[in-house]
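Report on the following structure.
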Amino acid sequence: MSPAKKKRKKRKPQKPKTALDIITESFAACGRCSYFWAGYRVINGLEDQEQVAAQTDPDWLTLTWSYPMEELLLKSYGSRFDLDFVHYEGCCKECRRQYVYDALEEEEPPTLKMERVPHLESTPSAAPPQKE
504 MSPAKKKRKK RKPQKPKTAL DIITESFAAC GRCSYFWAGY RVINGLEDQE
554 QVAAQTDPDW LTLTWSYPME ELLLKSYGSR FDLDFVHYEG CCKECRRQYV
604 YDALEEEEPP TLKMERVPHL ESTPSAAPPQ KE
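So in the numbering used here, the last one in the sequence shown is 635, and the numbering has no gaps at all.
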């Protein structure tokens with residue numbers, strides 16, 4: 504029997520991707536961000552990560568802040584946090600995903616927001632050559 508006549512195995516239908524699957528894939532595309540996302544799951548748990556993924560803001564994820572997050576941000580992105588900071592903005596050095604720490608409201612816990620998907624800007628050297 505020739506290879507062309509062999510029966511092909513039927514693929515099982517794939518489950519639709521959840522919001523968490525989509526976000527995890529976007530974080531997995533970058534080494535630093537995937538380290539952060541895995542560490543966030545260890546610190547806050549899968550249930551919290553699912554709640555974060557289910558948020559409706561199309562651009563930003565509002566993450567649960569806790570003090571172990573300071574060390575996670577340092578190890579993931581090299582951002583050294585001080586407890587006295589009231590506002591800090593940074594981005595991943597690899598994929599340029601932005602994040603914002605905000606502790607302006609004294610009565611409320613600090614917040615950390617991260618872009619759902621980094622907005623990569625194309626550079627002229629990375630663009631395909633143009634035909635004239």
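Yeah, the Cβ is synthetic: ideal placement off N, Cα and C, and Gly gets one too.
Inter-residue Cα distance where the pair is residue i and residue j
i, j, result
"residue 519", "residue 581", "35 Å"
"residue 554", "residue 521", "12 Å"
"residue 621", "residue 578", "19 Å"
"residue 585", "residue 569", "13 Å"
"residue 543", "residue 552", "8 Å"
"residue 511", "residue 525", "29 Å"
"residue 497", "residue 616", "The shown model of the chain, from 504 to 635, leaves out residue 497, and the question about it has no answer."
"residue 574", "residue 583", "8 Å"
"residue 572", "residue 514", "41 Å"
"residue 562", "residue 619", "6 Å"
"residue 516", "residue 611", "45 Å"
"residue 567", "residue 613", "9 Å"
"residue 549", "residue 533", "20 Å"
Close Cβ partners of residue i (< 6 Å) along its chain, the five nearest in sequence each way excluded
i, result
"residue 641", "This structure leaves residue 641 out entirely; the chain is present only between 504 and 635."
"residue 607", "589"
Under the three-state DSSP convention, the category residue i falls into
i, result
"residue 578", "helix"
"residue 632", "Note that residue 632 scores 48 on pLDDT, short of 50, meaning its location in the model is unreliable; the coordinates nonetheless yield the value given after this. Three-state result, residue 632: coil."
"residue 523", "helix"
"residue 616", "strand"
"residue 609", "coil"
"residue 598", "coil"
Chain-order list of residues whose beta-carbon lies under 8 Å from that of residue i (same chain, five-residue window excluded)
i, result
"residue 546", "569, 571, 572 and 575"
7 Å CB neighbourhood of residue i in its chain, flanking five on each side removed
i, result
"residue 593", "580, 582 and 602"
> Would you call the segment 592–605 and the segment 526–537 in contact, with 3 or more CB pairs under 8 Å?
Replying inline: With a cut-off of 8 Å on Cβ pairs, the segment 592–605 is in contact with the segment 526–537, counting three or more such pairs.
>> For a minimum of 4 consecutive residues, which ranges assigned as the alpha helix (DSSP H) are wholly contained in the segment 528–589?
In response: Runs of the alpha helix (DSSP H) lying entirely within the segment 528–589 and spanning at least 4 residues, in chain order: 534–547, 549–556 and 571–580.
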